[in-house]
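What follows is a single structure, written as structure tokens, with notes after it.
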Amino acid sequence: MSHLGEKDRELLQAALKVMENAHVIWGFKVGAAVLAEDGKIYEGCNVETWISGLGTCAERCAIDHAVLHGNRKIKAVAVVIEDKNVEKSRPCGACLQYIKDFSDDGVRVIMAEARAGQVLSETVDVKTIEELLPYSYESKQRALDSFLRG
Ligand SMILES: [Zn+2]
38 MSHLGEKDRE LLQAALKVME NAHVIWGFKV GAAVLAEDGK IYEGCNVETW ISGLGTCAER
98 CAIDHAVLHG NRKIKAVAVV IEDKNVEKSR PCGACLQYIK DFSDDGVRVI MAEARAGQVL
158 SETVDVKTIE ELLPYSYESK QRALDSFLRG
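Spelled out as structure tokens, the structure:
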């Protein structure tokens, strides 16, 4: 994790901490933390329900948390996944689009797995949102957003 900055480590630790609050029925625990435009960190965890599709992912929970506090942009995202998953730690497609919608270009997504309350340093991976989602849905909404912001 030597390539991570202080704020990146702080984000990872925040995601790790809230991962324990995940409400898991059949999947695995995920914690996320976003650095928002107000300079604060907002966390989220996944919440599963018995009805497939009603639950939410940790990443969207964290972004919603930031929006709840008046933010519309995020500067970085950390995602920590319980080391029970067979796949690499990655946001799902829906979350990648959600992250993109609240990001400027080049926002970093810091991903890691965790076991026994520790981030597994060998699993830490950092990508930009464009690397993870090169063909995002941009639409005219972004142009409208830029227009409205002046
Ligand atoms: Zn997701």
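Counting from 38, one number per residue, gives the positions in the sequence shown under our numbering.
Glycine included, every Cβ here is placed at the ideal spot set by N, Cα and C.
Please name the residue or residues paired with residue i in a DSSP beta bridge.
{"i": "G68", "result": "C82 and V117"}
{"i": "R145", "result": "A113 and T165"}
{"i": "A73", "result": "I111"}
{"i": "G60", "result": "Note on residue identity: the sequence assigns His, not Gly, to residue 60. DSSP, once it has assigned bridges, lists V84 as partnering H60."}
{"i": "S126", "result": "In DSSP, S126 forms no bridge with anything."}
{"i": "S89", "result": "S89 is not bridged to any residue."}
Rounded to whole angstroms, what's the CA-CA distance from residue i to residue j? Just pull it up for me.
{"i": "K77", "j": "V67", "result": "20 Å"}
{"i": "F65", "j": "E119", "result": "6 Å"}
{"i": "A52", "j": "R186", "result": "31 Å"}
{"i": "L48", "j": "L181", "result": "31 Å"}
{"i": "Q134", "j": "S173", "result": "6 Å"}
{"i": "T160", "j": "D141", "result": "26 Å"}
{"i": "A153", "j": "I147", "result": "19 Å"}
{"i": "G42", "j": "V163", "result": "11 Å"}
{"i": "E175", "j": "K137", "result": "9 Å"}
Under 7 Å: does the beta carbon of residue i sit that close to some heavy atom of ligand 1?
{"i": "C98", "result": "no"}
{"i": "C82", "result": "no"}
{"i": "A131", "result": "yes"}
{"i": "P171", "result": "no"}
For residue i, collect the residues of the same chain with a Cβ closer than 8 Å to its Cβ; drop the 5 residues on either side in sequence, then sort them by chain order.
{"i": "A73", "result": "Y79, A103, H106, N108, K110, I111 and K112"}
{"i": "R97", "result": "G81, A131, C132 and Y135"}
Near residue i, what residues of its chain come up, given a Cβ to Cβ distance below 7 Å and the 5 sequence neighbours on each side ignored?
{"i": "L86", "result": "According to the sequence as given, residue 86 is Thr; it is not Leu. Answer for T86: G92, listed in chain order."}
{"i": "N58", "result": "C82"}
Quick one: residues in its chain with C-beta nearer than 6 Å to the C-beta of residue i, no 5 flanking neighbours on either side, listed in chain order?
{"i": "E188", "result": "For residue 188 there is no data in the structure shown, the boundaries of the chain being 38 and 187."}
{"i": "A69", "result": "A52, G81, A95, E96, A99 and V116"}
Any beta-carbon of chain B closer than 8 Å to the one on residue i?
{"i": "G76", "result": "Considering every chain present, this structure includes no chain B. It has just one protein chain."}
- Message: Report the start-end ranges of each beta strand (DSSP E) in the stretch 147-176 that is 3 residues or longer and not cut off at the edges.
- Response: 162-165
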